[in-house]
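For the sequence shown, position 29 (counting from the first letter as 1) is numbered 29 according to my numbering, and the numbering increases by one without interruption.
Everything below concerns the one structure shown next.
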Amino acid sequence: MACTLQQAAPPLNPAVLALDWLLGSWESDEPGEGSFPTIPPFRYSETLHFTHVGQPVINFMFNASHVESKKPMHRECGFIRLQPGTNRVAFIIAQNSGLVEIEEGELTGQQLSLKTHALARTSFAKEPHVQQISREFRLRGDGKLEQTVSMATSDQPLMQHLHITYRRS
Ligand code: HEM
1 MACTLQQAAP
11 PLNPAVLALD
21 WLLGSWESDE
31 PGEGSFPTIP
41 PFRYSETLHF
51 THVGQPVINF
61 MFNASHVESK
71 KPMHRECGFI
81 RLQPGTNRVA
91 FIIAQNSGLV
101 EIEEGELTGQ
111 QLSLKTHALA
121 RTSFAKEPHV
131 QQISREFRLR
141 GDGKLEQTVS
151 MATSDQPLMQ
161 HLHITYRRS
């Protein structure tokens with residue numbers, strides 16, 4: 001008889017039921033597009049994982065990589081919380097660049113609109129410094145997930161940095 005230590009997945013906590021459409025793994029279906037006035041345009045691949053352990057919180061991990069070489073690039077991980085009884089949502093995020101952030105916003109159906117509520121960086125972070133981030137996740141009618149990220153830095157106003165779509169993997 002097979003012996004396994006794996007435990008049955010706990011049921012999703014009702015407090016985060018409204019976010020169940022995010023759960024699982026996603027992979028960019030075509031290269032994401034990166035831009036900003038101060039850098040050359042670039043393309044990237046990305047995988048997203050949204051999981052839970054039965055707590056009233058969703059765990060996430062985003063791993064971006066180079067389209068051709070597959071070399072790891074930007075990485076983020078954190079937690080998503082919903083304010084009970086409301087559509088207020090918070091993303092609590094750590095980025096490999098040394099930035100930590102809380103983004104807050106609203107859940108409307110299968111769309112999340114977020115912007116920076118609090119932000120901190122390492123004392124030795126290189127410039128330009130990020131001042132503000134706004135981002136949207138949207139589950140489209142064709143089953144694809146779309147993410148758009150804009151940022152303002154110490155020398156540029158709020159402008160799009162990333163746009164990417166994912167399919168379930
Ligand atoms: C550049 C922030 C996500 C790839 C930058 C810069 C900042 C930044 C501040 C420097 C801009 C300048 O020099 O004026 C962020 C933030 C992100 C994010 C806050 C998430 C919210 C990503 C992702 C990728 C990426 C997912 C995918 C690979 C790049 C590249 C550059 C860049 C290739 C140009 C080269 C470099 O400066 O490293 N980003 N980024 N970024 N970002 Fe992002």
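By construction, the Cβ of each residue, glycine as well, lies at the ideal position given by its N, Cα and C atoms.
* **H161 and F36 closer than 8 angstroms at C-beta** => yes
* Proximity of V16 and V57 at Cβ, strictly below 8 angstroms -> yes
* DSSP three-state call for M1: helix, strand or coil? -> Note that M1 scores 43 on pLDDT, short of 50, meaning its location in the model is unreliable; the coordinates nonetheless yield the value given after this. Three-state DSSP puts M1 in coil, outside helix and strand.
* **Alpha-carbon spacing of N96 relative to G24, whole angstroms** => 22 angstroms
* To do: Can you say whether C3 is buried or exposed, counting buried as having 16 or more other CB atoms within 10 angstroms of its CB?
  => Bear in mind that a pLDDT of 47 at C3, under 50, signals an unreliable position, so the model cannot answer this.
* **Own chain partners of R81 with C-beta closer than 6 angstroms, once the 5 adjacent residues on each side are dropped** => V57 and A90
* Residue from F62, G85 and Y44 whose Cα sits closest to the Cα of K71 -> Y44
* Taking I93 and G78 to be in contact with their CB atoms under 8 angstroms, please state how far apart those CB atoms are, rounded to whole angstroms. => 4 angstroms
* Please confirm whether any heavy atom of the ligand HEM lies closer than 7 angstroms to the CB of V67. => no
* What do you get for H52, buried or exposed, if any count of 16 or more other CB atoms within 10 angstroms of its CB means buried? -> The residue is buried, with at least 16 neighbouring Cβ atoms inside 10 Å.
* **Beta carbon of W21 nearer than 8 angstroms to that of S169** => no
* Where does the unbroken beta strand (DSSP E) through A152 begin, and where does it stop? -> L145 to T153
* Asked: Any heavy atom of the ligand HEM closer than 7 angstroms to the Cβ of A64?
  -> yes
* Sorted by chain position, which residues of the same chain lie with C-beta nearer than 6 angstroms to M61's C-beta, five sequence neighbours on each side aside? -> Excluding sequence neighbours, M61 sits near H49 and C77.
* E101, enclosing beta strand (DSSP E) - first and last residue -> L99 to T108
* Apart from the five residues on each side of it in sequence, which residues of its chain come closer than 7 angstroms, Cβ to Cβ, to A120? -> By the criterion of a C-beta distance shorter than 7 angstroms, A120 is surrounded in its chain by V100, once the five residues flanking it on both sides are discounted.
* Candidates Q55, E127, Q83 and Q147, of which the one nearest G98 by Cα -> E127
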